[in-house]
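Have a look at the structure below before the remarks.
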Amino acid sequence: MKKLFIAIAAVTLLVGCRESVVHNIENTMPSRPTDEVESDMSTRFESPQLSMFYNDGGILASSSVEPGKTELTMTDISNGDVVQFSATGDIKSEAISSPRLTINGETVKIASIETRYIKETGAWIKLQTPDAVEMIFVMSD
Amino acid sequence: MRLNRIALLSILVATPYRAFSDAVDDYAIGLKDSALKTMISTHFQPTKECERRLIAEIDSIDRLNGNLITDDSAEICEIVPSSWMMLPKDYATCAAADLHNLFITTSSAAAARGAVPFGNVTEIEKSCDGWKIGYAPYFTDIAEFIEPADELKGDFARAIFYIATIYPCSLWTGWGNVIMGLGSHPTLSNYASSIYLAWHRNDPVDANESKRNAKIAELQGNANPFVAHPILVEYLWGDSIGKTYGKSEVETPVTEFLQSKYSINDAKIRLLSPYIADNAVWSYNGAQMAEQIAPSDLGIGKHELHYTTSSHKGKIIITITE
Chain A
268 MKKLFIAIAA VTLLVGCRES VVHNIENTMP SRPTDEVESD MSTRFESPQL
318 SMFYNDGGIL ASSSVEPGKT ELTMTDISNG DVVQFSATGD IKSEAISSPR
368 LTINGETVKI ASIETRYIKE TGAWIKLQTP DAVEMIFVMS D
Chain B
742 MRLNRIALLS ILVATPYRAF SDAVDDYAIG LKDSALKTMI STHFQPTKEC
792 ERRLIAEIDS IDRLNGNLIT DDSAEICEIV PSSWMMLPKD YATCAAADLH
842 NLFITTSSAA AARGAVPFGN VTEIEKSCDG WKIGYAPYFT DIAEFIEPAD
892 ELKGDFARAI FYIATIYPCS LWTGWGNVIM GLGSHPTLSN YASSIYLAWH
942 RNDPVDANES KRNAKIAELQ GNANPFVAHP ILVEYLWGDS IGKTYGKSEV
992 ETPVTEFLQS KYSINDAKIR LLSPYIADNA VWSYNGAQMA EQIAPSDLGI
1042 GKHELHYTTS SHKGKIIITI TE
């Protein structure tokens, strides 16, 4: 029995949520100059793991209209891939807390978040995981 | 006591629970594996916050022995214990208060249940109101488990399938990781899914469980899809893993859903998607659209469609070719 509890503790400490950390992928954004990525306000999600570009078509981009809440979602209707950024507070007021990113329902741990070009017509968000994987989430009206 | 039971059952019978079954069909057709799981976690989340005590309105009758539990002996019990849950707090609170995860039982049974995982007990230490508490092999060791009465096993299994699908694996800690959380799909350990799958198959959904599901849906805005459509369990944990849902059960073609590409000669574009609430109002160039239109009404090219619901707004580009 003692061994079992040690095993459970080890699972909790070492494994935690296996899908919450992106493993075995490159730490940088794929093959686009930084300036281009940062000035591009087109609706999209870019990460080494999964990318979606709204302008390609077939990507459902939705956002919550409830006050005091940020929920931005992109869904590829051809295969069900879904990415969601959510937070407490309205991102357009730039006062958000508890940011959360999920890819296909699984939480990605966020180490840092940078928001730019926040205005009525959209939001540009750069996220970084604890192992320095960068992701870009842009939603324009 | 008899009058109370009749009154409760009358309330439950009056609830139109079949609608939730239909909703599963609407959304699940054409999906499999992680896409099917994503659909369920997207569309079957609770939409209303409920107080835990509301479960008493549904389970005031002891489901184990049919007796009415008095206020003195009734206790709210969790199927997946909240002590298995950790940050983020909003999810922990939500999962712990989810009525599908709660039931009312006697205080002595609740004390015996504690936070011990459900399993098939092979070495009974004690019995309490139909529950068996004791030990069972767990890989190379033994561990303490609790085993409900046979007539409750399927109910609890389907509640666990629901919790495992609706809530993210980052929620779990301790036993939660062991039982619920070591994978993105199907988000339940092989050890647990093999036991609960057998419980699910041997104790199928009955009328009372369906009515209970409908009553909870009425209170917190979501049904347990594994009660409304028990066959879904097979697609996530059972014999139909890897198969596309609905081809044999329902004849509605996948092409009925909104697609990203159409030919100008296609008969129609139906503005229905498993990813969008059914009450969405669609518009194109500012004008409201009917539920279905012909591609020729839009013409060849790329077209941006917008929709609004009571809680969301969204948009999508579709392409129409020759």
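Line order of the protein sequences matches chains A and B.
The opening residue of the first sequence carries number 268 in our numbering; numbering runs sequentially from there.
The opening residue of the second sequence carries number 742 in our numbering; numbering runs sequentially from there.
Each residue gets a CB set at the ideal place from its N, CA and C atoms; glycine is no exception.
Nothing here was measured: the structure is a model prediction, and the numbers come from that model.
D343 of chain A versus G915 of chain B: straight-line alpha-carbon distance, rounded:
For this step, residue 343 of chain A is matched to residue 76 along the first sequence. For this step, residue 915 of chain B is matched to residue 174 along the second sequence. Distance between the alpha carbons of D343 of chain A and G915 of chain B is about 34 angstroms.
Just confirm the distance between the C-beta atoms of Y986 of chain B and K773 of chain B, as a whole number of angstroms; I'd bet it's less than 8 angstroms.
On the second sequence, residue 986 of chain B is found 245 positions in, with the first residue counted as 1. On the second sequence, residue 773 of chain B is found 32 positions in, with the first residue counted as 1. That pair is a contact at about 6 angstroms.
Inter-residue spacing [alpha-carbon to alpha-carbon] between Y937 of chain B and V946 of chain B:
By 1-based counting over the second sequence, the position of residue 937 of chain B is 196. By 1-based counting over the second sequence, the position of residue 946 of chain B is 205. Rounded to whole angstroms, Y937 of chain B to V946 of chain B spans 14 angstroms at the Cα level.
Helix, strand or coil, according to DSSP, for A390 of chain A in the structure here?
Against the first sequence, residue 390 of chain A aligns to sequence position 123. Three-state result, A390 of chain A: strand.
What's the gap between the Cα of L912 of chain B and the Cα of A1031 of chain B?
Along the second sequence, read from residue 1 onward, the residue named residue 912 of chain B stands at position 171. Along the second sequence, read from residue 1 onward, the residue named residue 1031 of chain B stands at position 290. Taking the straight line from one Cα to the other gives about 41 angstroms.
Suppose you measure from the CA of D800 of chain B to the CA of C818 of chain B; what does that come to, to the nearest Å?
Looking up residue 800 of chain B in the second sequence gives position 59. Looking up residue 818 of chain B in the second sequence gives position 77. Their backbone Cα atoms lie some 11 angstroms apart in a straight line.
Start and end residues, beta strand (DSSP E) containing D343 of chain A
Here residue 343 of chain A refers to the residue found at position 76 when the first sequence is read from its first residue. In this chain, the beta strand (DSSP E) harbouring D343 of chain A covers K336 to D343.
Pick out whichever of B:A856, B:A1021, B:D766 and B:P1036 has its Cα sitting closest to the Cα of I920 of chain B.
The residue you call residue 920 of chain B lines up with position 179 of the second sequence. Among B:A856, B:A1021, B:D766 and B:P1036, the Cα nearest to that of I920 of chain B is on B:A856.
Paired residues, beta bridge with L843 of chain B - DSSP:
If you number the second sequence from 1, residue 843 of chain B lands on position 102. DSSP, once it has assigned bridges, lists B:E819 as partnering L843 of chain B.
Measure from the alpha carbon of Q1029 of chain B to the alpha carbon of each residue in B:I796, B:R793, B:T1049 and B:S1014, then state which is nearest.
Position 288 of the second sequence, counted from the first residue, corresponds to residue 1029 of chain B. The residue with the shortest Cα to Cα distance from Q1029 of chain B is B:T1049.
Answer with yes or no whether the minimum CB distance from P909 of chain B to chain A is below 7 angstroms.
Locating residue 909 of chain B in the second sequence gives position 168, counting from the first residue. Yes, contact with chain A.
Determine the contact status of Y1003 of chain B and P1036 of chain B, defining contact as a CB-CB distance below 7 angstroms.
The residue you call residue 1003 of chain B lines up with position 262 of the second sequence. The residue you call residue 1036 of chain B lines up with position 295 of the second sequence. Contact: yes.
Any idea if E293 of chain A is buried or exposed, counting beta-carbon neighbours within 10 angstroms, 16 or more meaning buried?
In the first sequence, counting from the first residue as 1, residue 293 of chain A sits at position 26. Caution is warranted here: a pLDDT of 39 is assigned to E293 of chain A, below 50, making its placement in the model unreliable, and no coordinate value can be reported.
Chain A contact for I1058 of chain B (CB, 7 angstroms cutoff):
By one-based count along the second sequence, residue 1058 of chain B stands at place 317. Cβ-Cβ to chain A under 7 angstroms: yes for I1058 of chain B.
Based on the DSSP secondary-structure assignment, which residues constitute the bridge partners of E373 of chain A?
On the first sequence, position 106 is the one that residue 373 of chain A refers to. Looking at the DSSP output, E373 of chain A sits in a beta bridge with A:I370.
Step through the CB atoms of chain A and report whether any lies within less than 7 angstroms of the CB of A736 of chain B.
The requested residue 736 of chain B is not part of the displayed model; chain B covers only 742 to 1063.
Flag this pair as yes or no: are the beta carbons of A328 of chain A and K1056 of chain B separated by less than 7 angstroms?
One-based indexing of the first sequence puts residue 328 of chain A at position 61. One-based indexing of the second sequence puts residue 1056 of chain B at position 315. Yes, the Cβ-Cβ distance between A328 of chain A and K1056 of chain B is below 7 angstroms.
7 angstroms Cβ cutoff met for F312 of chain A and V350 of chain A
Working through the first sequence from its first residue, we reach residue 312 of chain A at position 45. Working through the first sequence from its first residue, we reach residue 350 of chain A at position 83. Yes, they are a contact pair.
Within chain E, partners of Y1016 of chain B - CB distance below 7 angstroms
Among the protein chains of the structure shown, namely A and B, there is no chain E.
Could you pull out every residue in the same chain whose Cβ sits closer than 8 angstroms to the Cβ of S1052 of chain B, ignoring the five residues on either side in sequence?
The residue labelled residue 1052 of chain B in the question sits at position 311 within the second sequence. Excluding positions up to five away in sequence, the list reads A1018.
Looking only at its chain, what residues have a beta carbon closer than 7 angstroms to the beta carbon of R793 of chain B, apart from the 5 residues adjacent to it on each side?
For this step, residue 793 of chain B is matched to residue 52 along the second sequence. Take R793 of chain B, set aside five residues on each side of it, and the residues of its chain with a beta-carbon closer than 7 angstroms to its own are I817, A838 and L843, in chain order.
What residue range is occupied by the uninterrupted beta strand (DSSP E) comprising E864 of chain B?
By one-based count along the second sequence, residue 864 of chain B stands at place 123. First-last of the beta strand (DSSP E) with E864 of chain B: E864 to C869.
For M780 of chain B, go through chain A and note every residue whose CB falls closer than 7 angstroms to its CB, in chain order.
Here residue 780 of chain B is taken as the residue at index 39 of the second sequence, counted from 1. Residues of chain A passing the Cβ test: G347.
Proximal residues of chain B, C-beta to C-beta of V332 of chain A below 7 angstroms
Working through the first sequence from its first residue, we reach residue 332 of chain A at position 65. Neighbours of V332 of chain A on chain B, chain order: S1052, H1053 and K1054.
Just to confirm before moving on: does the CB-CB distance between P787 of chain B and Q961 of chain B stay below 7 angstroms?
For the purposes of this step, residue 787 of chain B is taken as residue 46 along the second sequence, with counting starting at 1. For the purposes of this step, residue 961 of chain B is taken as residue 220 along the second sequence, with counting starting at 1. Result yes, Cβ atoms of P787 of chain B and Q961 of chain B sit closer than 7 angstroms.
Ignoring anything shorter than 4 residues, give me the alpha helix (DSSP H) runs that lie fully in the region 855 to 920 of chain B, in order along the chain.
Entirely contained in the region 855 to 920 of chain B, the alpha helix (DSSP H) runs reaching 4 residues are, in chain order, 891 to 907 and 916 to 920.
On the three-state DSSP scale, how would you describe K1056 of chain B?
Taking the second sequence and counting its residues from 1, the one referred to as residue 1056 of chain B is at position 315. Correct three-state label for K1056 of chain B: strand.
With S330 of chain A as the anchor, note down where its beta strand (DSSP E) starts and where it stops.
As a working mapping, residue 330 of chain A is identified with position 63 in the first sequence. Element bounds for S330 of chain A: I326 to S331.
Going along chain A, which residues have a C-beta under 9 angstroms from K1043 of chain B?
If you number the second sequence from 1, residue 1043 of chain B lands on position 302. Listed along the chain, the chain A residues whose CB falls inside 9 angstroms of the CB of K1043 of chain B are N322 and G324.
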